[in-house]
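Q: Quick one: structure below, then a few questions.
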Amino acid sequence: MSQHSNSDNNPKTSHFIRNIVIADIDSGKHKSIKTRFPPEPNGFLHIGHAKAICLNFGLAAEFSGLTNLRFDDTNPCKEEEVYARAIEKDVRWLGFDWAELCHASDYFSDFYNFAVELIEAGKAYVEELSADEMREYRGTLTTAGRPSPWRERPLEESLDLFKRMRTGEFEDGRFVLRAKIDMASPNIKMRDPTIYRIRNITHQRTGDEWHIYPMYDFAHCISDALEGITHSLCTLEFEDHRPLYDWVLDNISIQAHPQQIEFARLNLDYTVMSKRRLKMLVDEGLVDGWDDPRMPTLAAMRRRGYPAAAIRNFAEVIGVTKSESIIPLGVLENEVRNELNATAPRAMAVLDPLKVVLLNFPEGETEWFEAARHPQDESMGTRRIPITREIYIERGDFMEQPVRKYFRLKPGGEVRLRNAFIVKFVDLIKDDNGEVIEVHCELDPQTRSGMPESSRRVKGTIHWVSAVHGVPTEVRLYDRLFNVENPLADKDRDFREFINPDCLSKVTAMVEPSFIEAGGFCQFERVGYFCHDAQDSTKEKPVLNRTVSLRDSWAKRGNK
RNA sequence: UGGGACGUGGCCAAGUUGGUUAAGGCACGGGGUUUUGAUCCCCGCAUUCGCAGGUUCGAGUCCUGCCGUCCCAGCCA
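With my numbering applied, the first sequence corresponds to residues -9 to 550, in that order.
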């Protein structure tokens, strides 16, 4: 009955890749499909990768196909095993399981053999030009390139050189292996692209076995073919690479030929979405690591309390197209609220405490109330909440000079204390600065929860915490990482200049004891969704993260 | 000035082989329920599909031209 997740119930709207898959199955081109998610292990996965993960794994699952997780580890200069482990964890957390865990490095000998094939067929040659010279020979966007003087090198010579490159005879950069395609092609990617380079460096998995490493365009298509991938999904910037993807597979002795299909990558406003830039934030200490809850990484979102189901739903709701767009962060937050509203048990906490004394409540006594954990889901049960003569309410829930339509506590007014009873304002105490430091109220005993008068209508209901039972707790409040929609829009300014100085603030909140004991996550009623910080929270010193605030149509009206 | 793509309401985005009343979500506005100003529930929200022509009984869907945006000159992926 209590399905604590509306996850993945969303009707799937069609998109062009799904349509291609359907057509391929209908036509008999494929009886089943196979996709792959191919990250380079050089950083943490972010929400943009989540779109690709959900697409690849989701689509395959939808058609009873398979998906491989493949580490694209062809550049040992940038890659590390710690990233690979983090990536595996993130994919699993998102709720997906791969058919095989692969590495491009598993295919190093295959790549090598196919490269030899190309050389023997006169379709690849060892280049001796320097990188600068190659650039010069390549031509420009509008002018054709010129053939390298080494382009017609006898193939025996290329073969010999290539073999010696492999064994480490030459220093980095001395030679490179190039595919012989068309130096005049209007597509620059086809102007004899480099397919192998020398790297005398230890590879994280193959050690010192190799001194040459294949380039993406050579390795990726072959990896796909070797694994029997049917649909190779990638982002738009690879559209120009597709002819090369197809060229390689057409010119080596391999039968399989996966179809590369490109879609638009995800962009979110008020953040950056490139591993390179996120790594800068981490390396420069601008955030506290890849899993800092302000980051758009999956590790950060997990830590912050975003449910995986919310991210999956988000990926579904934004669609898959070829048009580039920027999705408002609010769309993601909406999915998070959606999920959490259904799954989060309720509790109370006061983030900015103001003391209230209940004058007619006996001193030194504690009264306990039974409260539902979820207003719409009785199966979540109840909890016990203590109240005492002194309690805390939110400073914002009292106004000495209330604005129009202010339903909360005010002089002469009445308000309901959620799950308890109705109280009436009596008077207040100010400090020397005129700041209200204490409010005195009188409770109406007939309005206790469960009593006949309890359903008496009052305009406002506010949350509260017993001053003696409340647990002082560090709560971390997060705001958008950048204070401009697109931190990269201004070409003259560095994106780090736009970091929001208020993206993190810490307060000491008074928290209902039952939640501190329970751990996990919850909704603090009228405030937002919170979770214990997996990194820093301890029994002795709990630390909470605000996952996302509740919608607040009152604040939005600007009345406060 | 080369090549590759994209352009449907404020933001995403569906739109079968051209037939029409232009899905849905988010946002927004209005109303109802409510011991969370939350949730939930109604209702409203493009005579129009970047622009201009053309073909057609009929075009967002076909043709032509134009405009705008993005990507490509790593021995990165």
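From the three backbone atoms N, C-alpha and C, an ideal C-beta is built for every residue, glycine too. Just so you know, these numbers come straight off a predicted model, no measurement behind them.
By the three-class DSSP mapping on this structure, what secondary structure does Lys79 have?
A: Reading the first sequence from its first residue, position 89 is the one you call residue 79. Looking at Lys79 - three-state DSSP - the assignment turns out to be helix.
Q: For Glu368, tell me which candidate among Glu507, Arg336, Thr498, Gln391 has the shortest Cα-Cα distance.
A: Reading the first sequence from its first residue, position 378 is the one you call residue 368. Nearest C-alpha to Glu368: Arg336.
Q: Below 7 Å between beta carbons: does that hold for Gly450 and Arg408?
A: Working through the first sequence from its first residue, we reach residue 450 at position 460. Working through the first sequence from its first residue, we reach residue 408 at position 418. No, the pair does not count as a contact, with Cβ atoms beyond the cut-off.
Q: Please name the residue in Phe34, Asn32, Leu59 whose C-alpha comes closest to that of Ile43.
A: Residue numbering aside, residue 43 sits at position 53 when the first sequence is read from its first letter. Nearest option by C-alpha distance: Leu59.
Q: Tell me the DSSP secondary structure of Asp434 in three-state form.
A: Stepping through the first sequence from its first residue, residue 434 is reached at position 444. Strand, per DSSP.
Q: Take Ile10 as the anchor and find which of Phe53, Asp198, Asn32 has the nearest alpha-carbon.
A: As a first step, residue 10 is located in the first sequence; it is residue number 20 there, counting from the start. With distances taken between Cα atoms, Ile10 lies closest to Phe53.
Q: If I follow the unbroken alpha helix (DSSP H) through Asp100, where does it start and stop?
A: Counted from its first residue, the first sequence places residue 100 at position 110. Residues 98 to 110.
Q: How many whole angstroms separate the CB atoms of Tyr97 and Gly33, which I take to be in contact at a CB cut-off of 8 Å?
A: Position 107 of the first sequence, counting from 1, holds the residue named residue 97. Position 43 of the first sequence, counting from 1, holds the residue named residue 33. Between Gly33 and Tyr97 the Cβ distance is about 23 Å, and since that is not below 8 Å, they are no contact.
Q: Taking the straight line between their C-alpha atoms, what separation do you get for Asp(-2) and Asn324?
A: Walking along the first sequence from the start, residue -2 turns up at place 8. Walking along the first sequence from the start, residue 324 turns up at place 334. Unreliable placement is indicated for Asp(-2), whose pLDDT of 48 sits below 50; the coordinate value is still reported in the next sentence. Each residue's Cα considered, the two are about 15 Å apart.
Q: Hey, quick one: how far does the beta strand (DSSP E) through Trp454 stretch, first residue to last?
A: Translated into positions along the first sequence, residue 454 becomes position 464. Note, Trp454: beta strand (DSSP E), 454 to 456.
Q: Should Glu323 be counted as a contact of the ligand SAH given a C-beta to heavy atom distance under 6 Å?
A: For the structure depicted, the ligand SAH is absent and the ligand set is empty, with no information on it obtainable.
Q: Candidates Asn490, Tyr186, Arg168: which alpha carbon is nearest Arg180's?
A: To locate residue 180, count along the first sequence from 1; it is residue 190. Sequence inspection shows Met at residue 180; the Arg mentioned does not correspond to that position. That would be Arg168, whose Cα lies nearest to the Cα of Met180.
Q: Would you identify the three-state DSSP class for Arg590, choosing helix, strand or coil?
A: Only positions -9 to 550 of the chain appear in this structure, which leaves residue 590 out of reach.
Q: Can you tell me whether Phe208 is helix, strand or coil according to DSSP?
A: Counted from its first residue, the first sequence places residue 208 at position 218. Here Phe208 sits in helix by DSSP.
Q: Based on DSSP bridge pairs, tell me the residues matched to Gln250.
A: The residue you call residue 250 lines up with position 260 of the first sequence. The partner list for Gln250 (beta bridge, DSSP) reads Ser222.
Q: Output the boundary residues of the alpha helix (DSSP H) element that contains Ala299.
A: Position 309 of the first sequence, counted from the start, is the residue given in the question as residue 299. Counting along the chain, the alpha helix (DSSP H) containing Ala299 begins and ends at 298 to 308.
Q: Taking 7 Å as the cut-off, decide whether the C-beta atoms of Tyr468 and Arg284 are in contact.
A: Against the first sequence, residue 468 aligns to sequence position 478. Against the first sequence, residue 284 aligns to sequence position 294. Closer than 7 Å, so yes.
Q: Might you give, ordered along the chain, the residues of its own chain that have their beta carbon closer than 6 Å to the beta carbon of Phe505, omitting 5 neighbours on each side?
A: Within the first sequence, residue 505 is the residue found at index 515, counting from 1. Here the set comprises Ala337, Cys512.
Q: Using DSSP bridges, identify the partner residues of Val277.
A: Position 287 of the first sequence, counted from the first residue, corresponds to residue 277. The partner list for Val277 (beta bridge, DSSP) is empty, contrary to what the question assumes.
Q: Out of Gly403, Ile178, Asp482, which one is the CA nearest neighbour of Met558?
A: Nothing in the structure corresponds to residue 558, since the chain is present only between -9 and 550.
Q: Run through DSSP, which three-state label would Lys41 get?
A: On the first sequence, position 51 is the one that residue 41 refers to. Three-state DSSP puts Lys41 in a helix.
Q: Less than 7 Å between the beta carbons of Arg143 and Tyr115, yes or no?
A: In the first sequence, the residue the question calls residue 143 occupies position 153. In the first sequence, the residue the question calls residue 115 occupies position 125. Against a cut-off of 7 Å, the Cβ pair of Tyr115 and Arg143 comes out as a contact.
Q: If you reduce the DSSP assignment to three classes, tell me which class Glu475 lands in.
A: The sequence position of residue 475 within the first sequence is 485, counting from 1. Looking at Glu475 - three-state DSSP - the assignment turns out to be coil, as it is neither helix nor strand.
Q: Please list the segments of the beta strand (DSSP E) lying wholly inside the stretch 108 to 143, counting only runs of 3 or more residues, in order along the chain.
A: Entirely contained in the stretch 108 to 143, the beta strand (DSSP E) runs reaching 3 residues are, in chain order, 114 to 117.
Q: In its own chain, which residues sit with a C-beta less than 6 Å from the C-beta of Glu562, not counting the 5 before and 5 after it?
A: In the structure as shown, the chain begins at -9 and stops at 550. Residue 562 is therefore absent and cannot be evaluated.
Q: Can you give me the start and stop residues for the beta strand (DSSP E) that Asp417 sits inside?
A: On the first sequence, position 427 is the one that residue 417 refers to. It spans 412 to 420 - the beta strand (DSSP E) in which Asp417 sits, taken as one unbroken run.
Q: Would DSSP call Thr287 helix, strand or coil?
A: Here residue 287 is taken as the residue at index 297 of the first sequence, counted from 1. DSSP places Thr287 in strand when its eight states are reduced to three.
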